[in-house]
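The block underneath contains the structure these notes are about, expressed in structure tokens.
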DNA sequence: TTGATAGTTAAGCATATACTTAACTATCAA
DNA sequence: TTGATAGTTAAGTATATGCTTAACTATCAA
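Residue numbers (my numbering), protein chains in the order written: chain Y, 1 to 113; chain E, 114 to 226.
Take a look at the structure:
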């Protein structure tokens, strides 16, 4: 599959890293500056910037710089997209399970019903 | 954050790869053998096995070998967990947006209401 | 009992990822 | 106008990831 980077690839890849999920976690509470996001993380500021770049390129986070402060916020639409991908697969699987159950029920010998 | 691998890390990391999402995609339709999963993928069988290993270690997929055929199936619980992580963050963000909206509404000068 | 099928293991390799430190630029406030 | 704050860029490095081919084992069916 080499390297095609559709929107979902970027989103799931972004969410794959615990530091980046910690950032999303923090941003769920409301907007925050870069250093605010960096403070609790056990790594250097430039490392946090890289994570932020990945999150922005994935569309999960947007940011805006005013004066010397860059304020980051969650972009809920991309979260929804990732969410929906998972939900759809899980529901498909569960519907198939249900169908199988119904089939087994229908084809059961009379005395077992 | 180096390398802690909690359940969600493994799950999101597994979903980060397009080949692995293709496998989940296929498995949503129902159980499948290793070579059935490999057929549509543009890579060697051993490569598919590695992806399968990642999926199994993440708990998203389980498999069972009968005779010489290994049959793989989705484990919906882990899908749910990943799903829930995203949903919770998105909802938290959206509730905060709502609160902000309500606050702005309440503090608006009378004539703007 | 032999050949085809299904899967597995091992070794190796190229690239991507997640960091680091050092040096730098802009903004703000005294 | 100087020093602190907030962020950025660059260069380098260690490890992880995603693949390959070759060689192997186990099962099944004729």
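Where a beta carbon is used, it is the ideal one built from N, C-alpha and C, also for glycine.
Could you tell me if residue 192 of chain E is buried or exposed, where buried requires 16 or more neighbouring beta carbons within 10 angstroms of its beta carbon? It is buried - the Cβ of residue 192 of chain E has at least 16 other Cβ atoms within 10 Å.
Just checking my contact of residue 187 of chain E with residue 137 of chain E at CB under 8 Å: how many whole Å lie between their CB atoms? Right, the Cβ-Cβ distance comes to about 7 Å (below 8 Å), so this counts as a contact.
Check whether the Cβ atoms of residue 72 of chain Y and residue 54 of chain Y sit closer than 7 Å, and answer yes or no. At least 7 Å separates the beta-carbon of residue 72 of chain Y from that of residue 54 of chain Y.
For residue 43 of chain Y, which option in Y/20, Y/31 and Y/59 has the closest C-alpha, if you only look at C-alpha atoms? Ranked by Cα distance from residue 43 of chain Y, the first of Y/20, Y/31 and Y/59 is Y/20.
DSSP state of residue 145 of chain Y mapped onto helix, strand, coil: What the structure shows of chain Y is the stretch from 1 to 113, and residue 145 of chain Y is not part of that stretch, so it cannot be assessed.
Take residue 35 of chain Y and list the residues in its own chain whose beta-carbon comes closer than 8 Å to its own, dropping the five residues that flank it on each side. Closer than 8 Å at Cβ, skipping near neighbours: 45.
Under a CB-based cut-off of 7 Å, is residue 162 of chain E close to chain Y? It does not: the Cβ of residue 162 of chain E has no partner Cβ on chain Y nearer than 7 Å.
Exposed or buried, what is residue 91 of chain Y when buried is set at 16 or more other beta-carbons lying within 10 Å of its beta-carbon? So residue 91 of chain Y ends up on the exposed side.
Classify residue 208 of chain E as helix, strand or coil using the three-state DSSP reduction. DSSP places residue 208 of chain E within a helical segment (H, G or I) once states are collapsed to three.
Which chain Y residues are close to residue 142 of chain E, counting only those with a beta carbon under 9 Å from its beta carbon? Within chain Y, the residues 92, 93 and 96 have their CB atoms less than 9 Å from the CB of residue 142 of chain E, given in chain order.
Below-7 Å beta-carbon distance, residue 159 of chain E vs any chain Y residue: So no, residue 159 of chain E is outside the interface.
Residue 213 of chain E burial status per 10 Å Cβ neighbour count (16 or more: buried): That one is exposed.
Helix, strand or coil, according to DSSP, for residue 87 of chain Y in the structure here? Three-state DSSP puts residue 87 of chain Y in a helix.
C-beta atoms of residue 18 of chain Y and residue 130 of chain E nearer than 7 Å: No, Cβ-Cβ distance for residue 18 of chain Y and residue 130 of chain E is not below 7 Å.
Does residue 89 of chain Y have its Cβ less than 7 Å from a Cβ in chain E? Contact of residue 89 of chain Y with chain E is assigned, a C-beta pair being separated by under 7 Å.
Would you check if the distance between the CB atom of residue 11 of chain Y and the CB atom of residue 82 of chain Y is smaller than 7 Å? The beta carbons of residue 11 of chain Y and residue 82 of chain Y sit closer together than 7 Å.
Contact criterion: CB-CB distance below 7 Å. Does residue 145 of chain E meet it with respect to chain Y? Chain Y contact via Cβ: absent.
Classification of residue 6 of chain Y by the beta-carbon crowding that lies within 10 angstroms, buried from 16 upward: Exposed.
Any chain E beta carbon closer than 7 Å to residue 38 of chain Y: By this cut-off, residue 38 of chain Y is not an interface position.
What did DSSP end up calling residue 181 of chain E once you bin it into helix, strand or coil? Residue 181 of chain E falls in the coil class under three-state DSSP.
For chain Y, is any of its Cβ atoms less than 7 Å away from the one on residue 180 of chain E? Look at residue 180 of chain E: its C-beta is not under 7 Å from any C-beta on chain Y.
Just how far apart, CA to CA, sit residue 206 of chain E and residue 29 of chain Y? Here the alpha carbons of residue 29 of chain Y and residue 206 of chain E stand approximately 6 Å from one another.
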